[in-house]
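The opening position of the sequence shown corresponds to residue 3 in my numbering, with each subsequent residue numbered one higher.
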Amino acid sequence: MTSTKTEALIAECERQIENCRDTAVSFILWLRWLRWIRTAFHTAPIIFGALATWKIVAQGPPEIAAVFALLATVLPPLGRAFKVEKAIGDYEELAGEFINLRDRFRQAATISSLSSFEEFEAATAPYLTRLEKARRRALAPPEWFFRRAREKIGKGHYDHDRDGSRQG
């Protein structure tokens with residue numbers, strides 16, 4: 003028979019499983035966009051530089067070539083100013099941490115909870131500490147990535163086949 007304390011800690015682990023899953027998925031979805039943005043900042047200047055010197059553009063109004071040359075010049079420092087590379091690194095690190103914490107909380111709720119409450123609580127404490135540490139970094143992707151993550155999770159995109167939650 004489980005104690006009220008054990009049941010409460012299992013419920014808390016389950017809340018943290020959901021929180022960590024939702025956060026990790028929203029970070030992963032945002033990372034996909036950040037990687038596209040990085041690609042754009044790396045390739046667009048090359049494309050615009052080529053267009054600015056292209057004979058067909060050079061034969062047209064000089065303003066068009068000037069705009070392409072300006073874009074080719076401005077985009078690289080703009081990409082550095084937005085710190086896209088650092089953002090990608092930060093989101094990769096914390097997405098991985100939240101995925102790991104999701105799994106640790108799940109293991110605590112399903113395995114460690116079978117021990118005495120004291121052992122269960124001791125097993126869970128390091129995960130709560132790690133969660134607090136991860137939350138110190140207030141990374142905030144745009145709100146619609148969180149909504150998109152919840153939508154994908156709700157459709158079962160992140161369910162495990164082993165859990166029997168996937169259909170055919």
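Cβ atoms here follow ideal geometry from the backbone N, Cα and C, with glycine treated the same way.
**OP:** Determine the contact status of L103 and A151, defining contact as a CB-CB distance below 9 Å.
**Re:** The residue labelled residue 103 in the question sits at position 101 within the sequence shown. The residue labelled residue 151 in the question sits at position 149 within the sequence shown. Taking 9 Å as the Cβ cut-off, L103 and A151 do not qualify as a contacting pair.
**OP:** Give, in chain order, every unbroken run of the alpha helix (DSSP H) that is at least 4 residues long and sits entirely within the stretch 45-93.
**Re:** 57-61 and 64-83
Subject >> Cβ-based neighbour list, H44, same chain, cut-off 8 Å, excluding 5 preceding and 5 following >> reply: Here residue 44 corresponds to residue number 42 of the sequence shown, with the count starting at 1. If the five residues before and after H44 are omitted, its C-beta is found closer than 8 Å to the C-beta atoms of G81, all from its own chain and listed in chain order.
Original post:
Leaving out five residues before and five after E95 in sequence, what residues of the same chain have Cβ atoms less than 8 Å from its Cβ?
Top reply: Mapped onto the sequence shown, residue 95 falls at position 93. So the list is empty, once near-sequence residues are dropped.
Original post:
Should T25 be labelled buried (16 or more other beta-carbon atoms within 10 Å of its own) or exposed?
Top reply: Within the sequence shown, the letter at position 23 stands for residue 25. With 16 or more other Cβ atoms within 10 Å, it is buried.
Subject >> Host alpha helix (DSSP H) of A125 (start-end) >> reply: Indexing the sequence shown from 1 puts residue 125 at position 123. Where A125 is concerned, the enclosing alpha helix (DSSP H) stretches over F119 to R137.
Original post:
Is I19 closer than 9 Å to R224 when the C-beta atoms are compared?
Top reply: The question about residue 224 has no answer, for the chain in this structure spans 3 to 170.
**OP:** Throw me the rounded Cβ distance for the L33 and I101 pair, which I believe falls under 8 Å.
**Re:** Taking the sequence shown and counting its residues from 1, one reaches residue 33 at position 31. Taking the sequence shown and counting its residues from 1, one reaches residue 101 at position 99. Contact flag wrong, Cβ pair sits at about 12 Å.
Subject >> The alpha helix (DSSP H) enclosing K154, as first and last residue numbers >> reply: What you label residue 154 is simply residue 152 of the sequence shown in a count that begins at 1. From DSSP, the alpha helix (DSSP H) with K154 extends over E145 to G156.
Subject >> Other residues of its chain near P47: CB distance less than 6 Å, five sequence neighbours each side excluded >> reply: Position 45 of the sequence shown, counted from the first residue, corresponds to residue 47. Within the same chain, P47 has close Cβ partners A74, L77 and P78.
Subject >> Secondary structure of S5, DSSP reduced to three states >> reply: Your numbering for residue 5 matches position 3 in the sequence shown. Three-state DSSP puts S5 in coil, outside helix and strand.
**OP:** Check whether the stretch 120-135 touches the stretch 5-22, counting contact only when three or more Cβ pairs, one atom from each stretch, lie closer than 8 Å.
**Re:** yes
Original post:
Got a sec? Which residues, its chain only, sit under 7 Å from Y93 by beta carbon, not counting five neighbours each side?
Top reply: Counting from one through the sequence shown, the residue named residue 93 turns up at place 91. The answer, listed in chain order, is F29, W32, L33, L36 and L141.
Original post:
Helix, strand or coil: how does DSSP classify A10 here?
Top reply: Counting from 1 along the sequence shown, the entry for residue 10 is found at position 8. Residue state, collapsed to three classes: helix.
Original post:
Can you list, in chain order, the residues of its chain whose CB lies under 8 Å from that of A68, leaving out five sequence neighbours each side?
Top reply: Position 66 of the sequence shown holds residue 68. The residues are A54.
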